[in-house]
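Written out below as structure tokens is the structure these notes cover.
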Amino acid sequence: MEITIYFSHSFVNESSPIYKITGNGALASVNEKTTTTALDMIKTGWRLSHAIKTSQSAQLESFNFLLIFEK
Amino acid sequence: MNNNIIYGLIFFAILYYFSKKKKKLTPEEIAAIEADRLIKEEERKKAEAIKEEERKKAQAIQEEKRKERARIKAEEEAKILNEMLTSTHRVYFSYSLVNEDSPIYLVHPNTNSIMDSSETSLKKLYVDGWRLLDIDKTGKSAQLEDFNFIVRLSKN
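Going down the list, the sequences are from chains A and B.
Counting in our numbering, the first sequence runs from 61 upward without gaps.
Counting in our numbering, the second sequence runs from -16 upward without gaps.
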């Protein structure tokens, strides 16, 4: 089994853009080139196993999520 | 009367002059003073050297104690780590879990400190057959570098 982790600034539906984060710690940054969606991930065989809300905001546009996919 | 005062003053001036006049030293006396100075200098250097040696010894003892403490800690950590690594459930902590390669660490059960020697990543653990059971964000920060997480994994 494989694991991959994505981040979304606003994860509100299966078509919300999600991104890989490259680097770690202070060097971590969203890699816009890796943009995809949960729908596309599922189509390619990945399964969303965990979705963790990473910010406190209750506004849809700030629904930051860390998404963990397994295949 | 005035003359007596003047003579008196002259007398005391002469007396003062001779009392303050430096005695001219003979070459032997100069040599003796120089020898004395050298002996004192030598003693001072010896005392400094002894003090420096004692300081170095104390420092070496402290360093030895520190190494011994580090060795004991490493041994304990290795023992605990070995016990934890044989378990089928593990709990890891990450300072910043942002992708599958982010470093994650086991937490020392007695001290709640991070065991640096246990560093791994979710990707490596998945290759070894581990699966993610639960994941909890433990910090409130929304900054990527502060994505503190507790990760629970199991292996059949």
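Ideal placement from N, C-alpha and C gives every residue a C-beta, glycine not left out.
- With contacts defined by Cβ atoms closer than 8 Å, residue 74 of chain A and residue 111 of chain A do not form a contacting pair.
- The C-alpha of residue 49 of chain B lies about 24 Å from the C-alpha of residue 102 of chain B.
- Bounds of the alpha helix (DSSP H) holding residue 101 of chain A are 98 to 103.
- Under DSSP, residue 128 of chain A forms a beta bridge with A:65 and A:110.
- Looking at the DSSP output, residue 79 of chain A bridges to A:67.
- When DSSP states are grouped into helix, strand and coil, residue 1 of chain B belongs to the helix group.
- No Cβ-Cβ contact shorter than 8 Å links residue 89 of chain B with residue 114 of chain B.
- Listed in chain order, the non-local C-beta contacts of residue 16 of chain B below 8 Å within the same chain comprise 8, local neighbours out to five positions each way being set aside.
- The alpha-carbon of residue 125 of chain B is positioned some 26 Å away from that of residue 91 of chain B.
- The beta carbon of residue 124 of chain A lies closer than 8 Å to those of 67, 68, 69, 70, 71, 113, 114, 115 and 117 in the same chain, with the five residues before and after it left out.
- Taken atom to atom, the span from the alpha-carbon of residue 93 of chain A to that of residue 78 of chain A is near 10 Å.
- Residues of chain A whose Cβ lies closer than 9 Å to the Cβ of residue 125 of chain B are, in chain order, 114, 115, 116, 117, 122 and 124.
- At a cut-off of 8 Å between beta carbons, residue 75 of chain B makes no contact with chain A.
- Taking residue 63 of chain A as the centre and dropping the five residues before and after it, the same chain places the C-beta of 130 closer than 6 Å to its C-beta, in chain order.
- With 16 or more other Cβ atoms inside 10 Å of its own Cβ, residue 84 of chain A counts as buried.
- Cβ neighbours of residue -11 of chain B within its own chain (closer than 7 Å, five residues either side excluded): none.
- Counting C-beta atoms within 10 angstroms of its own C-beta, residue 52 of chain B has fewer than 16 neighbours from the protein chains shown and is therefore classed as exposed.
- Put simply, the backbone Cα of residue 106 of chain A is about 15 Å away from that of residue 106 of chain B.
- No Cβ-Cβ contact shorter than 8 Å links residue 83 of chain B with residue 102 of chain A.
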